[in-house]
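Quick note: the sequence shown, position 119, residue 119 per UniProt numbering, numbers continuous. C-beta: ideal position from N, C-alpha, C; glycine also. None of the values given here were measured: they were computed from a predicted structure. As structure tokens, the structure follows; a few thoughts come after it.
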Amino acid sequence: MTKRPIVKKIMPNSKRWIYTIRLFLGYGIAAAILVILTNIVLKLKGFPDGNWFAADEGTWLTFYGALIGGFITLLGVNQTIRFTQQEDQRMQQAEALEEQKEYDLTLIQHLWQLETSYHHLAKEFQIMHAKIKRITATERDEIQRLINTMQEDLLQHDFVSISSKINWDTYHKVMGRMKRIRNYFIDIETQLLSSNEAATTMAIKEDLLTMLSKEIVEIDLADADFESQRVALEEKHLNTN
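Structure representation (structure tokens):
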């Protein structure tokens, strides 16, 4: 099975701006609180001599300017890292989207092949149904010939291999149908060999007609499902181009 690509979501620009503004506000508030707390602490009763912290106004402005500058630098580094990460994610997403497109286009091709094969099988079953309907009790060999022809026709279409390239669910459904059809034909052949009675021949004929009618309906439904999956994928890429 081909592994489906994983497309990661990138944070929208609006959310990134909100995050940046909040970060700026957070750093600004933190710096302001630090200034206020320093002033409050220095005025506390019992605090060491304030002269020990004495400095002129310019020195304090330089100190807090450097502090705020450090915050801004830290913010810039943070934003640079985030921007780099976003760009990396954007490139990864573009690559993943391209891989997804290639995957879907390949899937469309396999679905089309399976559709064509199922459509052909339904037609062959309809032809076989019409021929079986005209068979008389003495034409046992004709039933065997038709079954042999159908078995050879089934081998010409590699249903299982094609379905395995789509997904496991499709693979198991197709494999189950092909196995059921082949086993049914083998069972009919066994019945033909076990008895030469006309009644047995007619009973086999009726069983075959019932089986073919049922399979034609189910194959048509499965074919329609493959078609809907293919059309959905085609519309998806037509709308994004």
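By the beta-carbon neighbour count (other beta carbons within 10 angstroms, threshold 16), arginine 230 is buried. Measuring C-alpha to C-alpha distances from leucine 107 to each of Lys165, Thr73 and Thr190 identifies Lys165 as the nearest.
One Cα belongs to glutamate 115, the other to phenylalanine 159, and the distance between them is close to 10 Å. Shown here, glutamate 139 sits in coil according to DSSP, grouped into three states, outside any helix or strand. For valine 174, the number of other beta carbons within 10 angstroms of its own is at least 16, and it is reported as buried. For leucine 238, the closest C-alpha among the options Arg177, Lys101, Asp207 and Glu87 is that of Lys101. With a threshold of 16 other beta carbon atoms within 10 Å, arginine 140 meets it and is buried.
DSSP, reduced to helix, strand and coil, places glutamate 152 within a helical segment of the structure shown. When rounded, the separation of the alpha-carbon atoms in leucine 154 and phenylalanine 185 is 11 Å.
Look at arginine 90 here: in three-state DSSP terms it is helix. The distance from the Cβ of aspartate 104 to that of lysine 236 is about 7 Å, consistent with a contact at the 8 Å cut-off. A distance below 6 Å between beta-carbons, with the five flanking residues on each side excluded, links threonine 201 to the following residues of its chain, in chain order: Ala137 and Arg140. Rounded to the nearest whole angstrom, the CA to CA distance from isoleucine 29 to glutamate 98 is 44 Å. Sequence-distant Cβ neighbours of lysine 133 in its own chain, meaning closer than 7 Å and more than five residues away, are Leu209.
Ranked by Cα distance from isoleucine 68, the options Gln113, Ala32 and Tyr171 are led by Ala32.
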